[in-house]
Amino acid sequence: MSLLQVKYIYLRKNISTSSEDIDKVVYQAPFEGMFKVLFSNVTDCSFSIDMGKKLYFVKYKYSCNRNGDTAYLSIEIEGTPFQCARVLNEVNNLLTKGSHRKDYNIILSFDGISLYFCNKIYPKFNLFERKIRELIFSILVKTFGAKWYDSTISNELKEEMATKGLKKQSDLIERALYEMTIFQLETYLFAPYREVDSNTVIDNDLSQAEINKKTKEEIIKILDKCRPRCLWERFFEGSIQISNLQTNLEAIRFYRNCVAHSKYFYKGDYDNCNRLINRLLRQIDRAIHDIEVRRFNKIDIDESLSVFSGATALFYKEILENMTPAIKEITKNISKIQLNLHKITFDTPKIDPKIIFRLSQLSTSIKIDPEVHAKLISTISLPNVKLNIDTQSVLEASDALNKMIINKIDDNFIQEQE
Numbered sequence: 008m009s010l011l012q013v014k015y016i017y018l019r020k021n022i023s024t025s026s027e028d029i030d031k032v033v034y035q036a037p038f039e040g041m042f043k044v045l046f047s048n049v050t051d052c053s054f055s056i057d058m059g060k061k062l063y064f065v066k067y068k069y070s071c072n073r074n075g076d077t078a079y080l081s082i083e084i085e086g087t088p089f090q091c092a093r094v095l096n097e098v099n100n101l102l103t104k105g106s107h108r109k110d111y112n113i114i115l116s117f118d119g120i121s122l123y124f125c126n127k128i129y130p131k132f133n134l135f136e137r138k139i140r141e142l143i144f145s146i147l148v149k150t151f152g153a154k155w156y157d158s159t160i161s162n163e164l165k166e167e168m169a170t171k172g173l174k175k176q177s178d179l180i181e182r183a184l185y186e187m188t189i190f191q192l193e194t195y196l197f198a199p200y201r202e203v204d205s206n207t208v209i210d211n212d213l214s215q216a217e218i219n220k221k222t223k224e225e226i227i228k229i230l231d232k233c234r235p236r237c238l239w240e241r242f243f244e245g246s247i248q249i250s251n252l253q254t255n256l257e258a259i260r261f262y263r264n265c266v267a268h269s270k271y272f273y274k275g276d277y278d279n280c281n282r283l284i285n286r287l288l289r290q291i292d293r294a295i296h297d298i299e300v301r302r303f304n305k306i307d308i309d310e311s312l313s314v315f316s317g318a319t320a321l322f323y324k325e326i327l328e329n330m331t332p333a334i335k336e337i338t339k340n341i342s343k344i345q346l347n348l349h350k351i352t353f354d355t356p357k358i359d360p361k362i363i364f365r366l367s368q369l370s371t372s373i374k375i376d377p378e379v380h381a382k383l384i385s386t387i388s389l390p391n392v393k394l395n396i397d398t399q400s401v402l403e404a405s406d407a408l409n410k411m412i413i414n415k416i417d418d419n420f421i422q423e424q425e
């Protein structure tokens, strides 16, 4: 069980201090009569309030000074934290609004309701600011890399960063966003600025000599570069879908200041702020996910191509290394065959002439488009493998061997026919 408490000071607006009226105002505290109008089951130390489906009992105590110009009221309730805050939030609305308060200025000397809702919403502010920074880093680091700080931070903000002890370039790159307040983040994202100096553009690109050479569309394009635009418009607006972020940031900054400086922050404020932050968090998470998908898809493709290329190169390298001894041996044998081919006799079986005809047809029907073959070969990245093989000699020897064997077969075939 939790105990929640709220304390008030009631100051009478028009207090009479004349001696004849002093007895009249000595014990005139407003609370008992007020409670009977606003609540039910009123006793000298408690009252009840109907919250729809349940009746809640609230304890109270009060005191006032002798002439009645100042009165002190304390109310409290026990229960779950949210239940206590919800009930006292409603009690507070009834006590501080309405015709019964026309004679009093009411000060909340201790506001347990705001304390509860401030503590409840604070983690959401914490998460929201961290997500905003993540979004900024996701876009700007992707665009500028390590130069994001120099490329996007204004001179004014750079001077403020210097006053916070961030002087090393590495510290600025890593921690600059974490040193900004939410107002500075808002300014950083939405304060408009020019990428180029308009006077320089007029003197150079739009000088009298240059402007006559340009079309209307080219002039408009140059002038558009001089138009002040904010960082959000330049790098974020076209990439992600977050509606009315600037307006919503202003609203969140207002609520955050209430929380940070322990001001009034009641259930209605909590509900509105919580809904707003939750909606923005969903949009920011979606935007960050989209950015990461685009980035990681490209990385995955690049890595996949790199792995494939490496594996292919290694595959061909192993093949060529393993083939080297065999190729050398074949080369030797071909040389021997060339020297002794005239001594070789072939005991070949009788070959049906129809088979020769069909084989010739088959060889002419299987053709590869030279362009396709060239493209296919050009797409394969072979490793730079050094082999001690005279490729031209191997090809010439192989070609000679083929011709000799074919001629020998033809001679035998002719003899059989005769």
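Taking my numbering, the leading residue of the sequence shown gets 8, the next gets one more, and so forth.
All C-beta atoms in this analysis are idealised placements derived from N, C-alpha and C, irrespective of residue type, glycine included.
Quantities reported herein were computed from a predicted structural model and do not represent experimental measurements.
Asked                                                                                                                                                              : Found
With T222 as the anchor, note down where its beta strand (DSSP E) starts and where it stops.                                                                       : Premise fails: T222 is in no beta strand (DSSP E) and is neither H nor E.
Take F144 as the anchor and find which of E336, I291, A267 has the nearest alpha-carbon.                                                                           : I291
DSSP state of A318, grouped into three classes?                                                                                                                    : With a pLDDT of 43 at A318, under the threshold of 50, the modelled position of this residue cannot be trusted; read the value that follows with caution. It is helical.
In angstroms with no decimal places, state the Cα-to-Cα distance between K393 and A153.                                                                            : Bear in mind that a pLDDT of 46 at K393, under 50, signals an unreliable position, so the number given afterwards is only what the model happens to contain. So the two alpha carbons sit approximately 41 Å from each other.
Which same chain residues, not among the five before or five after K131, have their C-beta less than 7 Å away from its C-beta?                                     : N281, I284
Specify, as a first and last residue, the run of the beta strand (DSSP E) that C71 falls within.                                                                   : 62-71
If we count the other Cβ atoms within 10 Å of its Cβ and call it buried at 16 or more, is S316 buried or exposed?                                                  : Bear in mind that a pLDDT of 47 at S316, under 50, signals an unreliable position, so the model cannot answer this.
Comparing alpha-carbon positions, which option in P199, L196, I229 lies nearest D430?                                                                              : Since the first and last residues shown for the chain are 8 and 425, residue 430 lies out of range.
Residue range of the alpha helix (DSSP H) that F151 falls in?                                                                                                      : 119-151
According to DSSP, F427 sits in a beta bridge with which residue or residues?                                                                                      : Here the chain comprises residues numbered 8 to 425, so residue 427 is not present and cannot be evaluated.
Enumerated in chain order, which unbroken segments of the alpha helix (DSSP H) with a length of 4 residues or greater are wholly contained in the stretch 223-251? : 223-233
Out of curiosity, what's the CA-to-CA distance linking N279 and F272?                                                                                              : 11 Å
Whose CA, out of E39, E217, T207, Q90, lies closest to the CA of H107?                                                                                             : E39
Report the rounded CA-to-CA distance for Y123 versus Q253, giving the unit in angstroms.                                                                           : 28 Å
Hey, would you say R471 sits closer than 9 Å to P235, going by beta carbons?                                                                                       : There is no way to answer for residue 471, as the model of the chain reaches only from 8 to 425.
For the alpha helix (DSSP H) containing L196, name the first residue and the last one.                                                                             : 189-197
Under 8 Å by Cβ, that's how I've got Q191 and L173 pegged, so tell me the actual separation to the nearest angstrom.                                               : Their Cβ separation, rounded to whole angstroms, is 13 Å, which puts Q191 and L173 out of contact at 8 Å.
Among the residues of its own chain, which have a CB less than 6 Å from the CB of F64, if the five just before and after it don't count?                           : S53, S55
Got a sec? Which residues, its chain only, sit under 8 Å from I180 by beta carbon, not counting five neighbours each side?                                         : A153, W155, Y156
Would you mind reading off the limits of the beta strand (DSSP E) that contains G40?                                                                               : Segment 38-45 is the alpha helix (DSSP H) holding G40; no beta strand (DSSP E) there.
Looking at the unbroken beta strand (DSSP E) that takes in I84, where does it start and where does it end?                                                         : 77-86
In whole angstroms, what is the alpha-carbon distance linking P199 and Y129?                                                                                       : 30 Å
Determine whether the beta carbon atoms of N99 and Y17 lie at a separation below 9 Å.                                                                              : no
Please report the residue range of the alpha helix (DSSP H) in which S158 lies.                                                                                    : 155-159
Hey, how far is the Cα of L115 from the Cα of E244?                                                                                                                : 44 Å
Which residue comes first and which comes last in the beta strand (DSSP E) that contains R19?                                                                      : 9-19
So if DSSP puts N112 in a beta bridge, which residue, or which two residues, is it bridged to?                                                                     : L18
May I ask which residues mark the beginning and end of the alpha helix (DSSP H) holding R201?                                                                      : From DSSP, R201 is part of no alpha helix (DSSP H); its letter is neither H nor E.
Below 8 Å on the Cβ atoms is my contact criterion, and I expect I146 with A183 to pass it. Report the Cβ-Cβ distance as a whole number of Å.                       : With a Cβ gap of about 15 Å, I146 and A183 do not count as contacting.
N2 by DSSP, collapsed to three states: which one?                                                                                                                  : Outside the displayed range of the chain (8 to 425) lies residue 2, so it cannot be described from this structure.
By DSSP, does H268 sit in helix, in strand, or in coil?                                                                                                            : coil
Return helix, strand or coil for V49, following the three-state DSSP convention.                                                                                   : coil
If you draw a straight line from the C-alpha of R73 to the C-alpha of A36, how long is it?                                                                         : 10 Å
Taking 9 Å as the cut-off, decide whether the C-beta atoms of L101 and L11 are in contact.                                                                         : no
Alpha helix (DSSP H) containing D178: first to last residue?                                                                                                       : 176-182
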